[in-house]
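Student: The structure is given below, and queries will be raised subsequently.
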Amino acid sequence: MIILFLFVLKGLTVNQFGIHLYHIAYSQETLQSAPAEFLILDNLKNERPDWFEYWPIRNFLNSSVLNENDFYGFFSPKFSLKTGLNAASVRQFVASDGGISDCYIISPQPDMGAFYLNVFEQGEAFDNGTMATIQAAANEAGLNLLIEGLVMDSRRIVFSNYFLARPTFWRAWLNFNEIIFSHAENENTELGNLLREPTSYNDVQRKVFIQERTASLLLATNPHWKCVRYNPFKLAWSGTPLNQFPLEAVISDALKIAYTETRDQEYLSAYTSVRANLQKR
Numbered sequence: 013m014i015i016l017f018l019f020v021l022k023g024l025t026v027n028q029f030g031i032h033l034y035h036i037a038y039s040q041e042t043l044q045s046a047p048a049e050f051l052i053l054d055n056l057k058n059e060r061p062d063w064f065e066y067w068p069i070r071n072f073l074n075s076s077v078l079n080e081n082d083f084y085g086f087f088s089p090k091f092s093l094k095t096g097l098n099a100a101s102v103r104q105f106v107a108s109d110g111g112i113s114d115c116y117i118i119s120p121q122p123d124m125g126a127f128y129l130n131v132f133e134q135g136e137a138f139d140n141g142t143m144a145t146i147q148a149a150a151n152e153a154g155l156n157l158l159i160e161g162l163v164m165d166s167r168r169i170v171f172s173n174y175f176l177a178r179p180t181f182w183r184a185w186l187n188f189n190e191i192i193f194s195h196a197e198n199e200n201t202e203l204g205n206l207l208r209e210p211t212s213y214n215d216v217q218r219k220v221f222i223q224e225r226t227a228s229l230l231l232a233t234n235p236h237w238k239c240v241r242y243n244p245f246k247l248a249w250s251g252t253p254l255n256q257f258p259l260e261a262v263i264s265d266a267l268k269i270a271y272t273e274t275r276d277q278e279y280l281s282a283y284t285s286v287r288a289n290l291q292k293r
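Going by my numbering, 33 is the number at position 21 of the sequence shown; the sequence numbering is gapless.
Encoded structure:
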């Protein structure tokens, strides 16, 4: 179902947009589990299960004509479980600021975002080689940055591709991910070898976990994207012991936000201290 929102100020139309929520179905079971009022993104053929959600999203973006003023989101079958949100809640979130932003984040596991400098450092904690791989991909894309020192707070952190965005952002997202895709499909590049490396999570290839973090990279390195995030502390936390420290998670994220806004080293030093104290517990 697509809802058209119309915002009026002093009798003049100021913004009009639709919200397209897609549930990715890759089996009859996931098809039947689609939340009410979500559209179906048909991946029942599941031709490339090694790419997980990227394959159907990629196919959709490459074959569809999108409305430039509308928002699109493509969610895995676990979206409702991880967020507790239904279609009405998502629409209300997007509509809450009149749809004036480029991107709306609905990313669970706030502890995984807060206690690591960025989403790739978090990935490195579970898969040694994540940082080297994304740095190589960033270099290939011509991004002049050091991933290791990149600070990401909850306003820019996206896990599992849980976000909605206008087509302009989706195109930027697809362009970067196609660099990853092309190398992962090529057996003759060093980056491709890194991307195809199996991880400890059911031997899923690293490319999947790199790909689902790329929205964070785009948002953190391109400040012109206007982004709003759903309060992550109201969503599901991780299944790791870090979920036992909600106060420290809130403080850590606040310190990263303060550092990002001011570049005052005191905030980053305080963040480092919070992490160090947590490691001793």
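Beta carbons are placed, not taken as given, at the ideal position from N, Cα and C, and that holds for glycine. Computed from a predicted structure; not experimentally measured.
Classify residue 127 as helix, strand or coil using the three-state DSSP reduction.
Tutor: For the purposes of this step, residue 127 is identified with residue 115 of the sequence shown, where counting begins at 1. DSSP places residue 127 in coil when its eight states are reduced to three.
Student: Would you grab the beta carbon distance between residue 223 and residue 200 for me? Rounded to a whole angstrom, and I think it's under 8 Å.
Tutor: Taking the sequence shown and counting its residues from 1, the one referred to as residue 223 is at position 211. Taking the sequence shown and counting its residues from 1, the one referred to as residue 200 is at position 188. That belief does not hold up - the Cβ atoms of residue 223 and residue 200 are roughly 20 Å apart, past 8 Å.
Student: For residue 35, name the three-state secondary structure that DSSP assigns.
Tutor: Indexing the sequence shown from 1 puts residue 35 at position 23. Three-state DSSP puts residue 35 in a strand.
Student: Enumerated in chain order, which unbroken segments of the beta strand (DSSP E) with a length of 3 residues or greater are wholly contained in the region 175-246?
Tutor: With a minimum length of 3 residues, the continuous beta strand (DSSP E) runs that stay inside the region 175-246 are 175-177 and 239-241.
Student: Compare the Cα-Cα distances from residue 104 to each of 263, 241 and 226 and report the closest residue.
Tutor: Translated into positions along the sequence shown, residue 104 becomes position 92. Comparing Cα positions, the closest option is 241.
Student: What alpha helix (DSSP H) runs, 4 residues minimum, are completely inside the region 26-99?
Tutor: Entirely contained in the region 26-99, the alpha helix (DSSP H) runs reaching 4 residues are, in chain order, 40-44, 66-75 and 91-95.
Student: I need the DSSP call for residue 278, collapsed to helix, strand or coil.
Tutor: Working through the sequence shown from its first residue, we reach residue 278 at position 266. If DSSP states are grouped into helix, strand and coil, residue 278 belongs with the helices.
Student: Alpha carbons only, please: which of 115, 191, 133 and 214 is nearest the one belonging to residue 154?
Tutor: In the sequence shown, residue 154 corresponds to position 142, counting from 1. Selected option, being the one with the closest Cα: 191.
Student: On the three-state DSSP scale, how would you describe residue 269?
Tutor: Within the sequence shown, residue 269 is the residue found at index 257, counting from 1. Helix.
Student: Helix, strand or coil: which one does DSSP assign to residue 117?
Tutor: Position 105 of the sequence shown, counted from the start, is the residue given in the question as residue 117. Residue state, collapsed to three classes: strand.
Student: Can you look up residue 158 in the DSSP assignment and give me helix, strand or coil?
Tutor: Here residue 158 refers to the residue found at position 146 when the sequence shown is read from its first residue. The answer is coil: DSSP assigns residue 158 none of H, G, I, E or B.
Student: When the Cα atoms are used, what is the spatial distance from residue 61 to residue 175?
Tutor: Counting from 1 along the sequence shown, the entry for residue 61 is found at position 49. Counting from 1 along the sequence shown, the entry for residue 175 is found at position 163. Their Cα atoms are separated by approximately 21 Å.
Student: Would residue 48 and residue 99 qualify as a contact pair, given that the criterion is a beta-carbon distance under 8 Å?
Tutor: Residue mapping note: residue 48 aligns to position 36 of the sequence shown, counting from 1. Residue mapping note: residue 99 aligns to position 87 of the sequence shown, counting from 1. Yes, they are a contact pair.
Student: Report the rounded CA-to-CA distance for residue 233 versus residue 253, giving the unit in angstroms.
Tutor: Counting from 1 along the sequence shown, the entry for residue 233 is found at position 221. Counting from 1 along the sequence shown, the entry for residue 253 is found at position 241. So the two alpha carbons sit approximately 30 Å from each other.
Student: Where does residue 135 sit, in a helix, a strand or coil, going by DSSP?
Tutor: Numbered from its first residue, the sequence shown carries residue 135 at position 123. Here residue 135 sits in helix by DSSP.
Student: State the Cα-Cα distance for the pair residue 173 and residue 284, rounded to the nearest angstrom.
Tutor: Mapped onto the sequence shown, residue 173 falls at position 161. Mapped onto the sequence shown, residue 284 falls at position 272. Roughly 28 Å separates the two Cα atoms.
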